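Asks:
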Amino acid sequence: METKEKNCYRQTKRDEEDKRQIIIRLNKIIGQMNGVKKMIEDDRYCFDVLSQLSAIDKAIGSLSSKLIDHHLHTCVVDDIKKGDLKTVDELAELFKRFN
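Everything in the sequence shown is counted per our numbering, starting at 4 for the first residue and increasing by one.
1. Just the C-alpha distance for Val-49 and Arg-100, rounded to the nearest angstrom, thanks.
2. Three or more C-beta pairs under 8 Å: does that hold for the region 44-59 against the region 15-22?
3. Determine whether the beta carbon atoms of Leu-97 and Val-79 lie at a separation below 8 Å.
4. For Leu-66, I'd like the list of residues in its chain whose CB is within less than 6 Å of its CB, leaving aside the five on either flank, ordered along the chain.
5. Please confirm whether any heavy atom of the ligand SAM lies closer than 7 Å to the CB of Tyr-48.
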């Protein structure tokens, strides 16, 4: 997760396997979205389109949960150990966005 901070971005270092897994999930979601676009272009039945959108929503939710879990166990814990509570405020804002 990047947040803008004084004209620069904070970074989260991820190991290569984590990046690979995230990119695989993102590519799958992009493929699903392209499939829905094609369904619309082909005038497919609303129920079928909505079913695919529901699957995409679940895939995005699952990826978001994985990233939140990683963020909590790495970035948030590290910042709290350093006495930087700004991350707690960011986390509160993040939870508002997901509700």
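Glycine included, each C-beta is placed from N, C-alpha and C at the ideal position. Keep in mind the model is a prediction, meaning the values are calculated, not measured.
Replies: This is what the structure gives:
1. In the sequence shown, residue 49 corresponds to position 46, counting from 1. In the sequence shown, residue 100 corresponds to position 97, counting from 1. For clarity, residue 49 is Cys in the given sequence; the question names Val instead. About 28 Å.
2. No, because fewer than three Cβ pairs between the region 44-59 and the region 15-22 fall closer than 8 Å, the two stretches do not touch.
3. Translated into positions along the sequence shown, residue 97 becomes position 94. Translated into positions along the sequence shown, residue 79 becomes position 76. Not a contact, by the Cβ cut-off of 8 Å.
4. Position 63 of the sequence shown, counting from 1, holds the residue named residue 66. Once the five neighbours on either side are set aside, the close Cβ partners of Leu-66 are Arg-28.
5. Absent from the structure shown: the ligand SAM. Ligands present: none.
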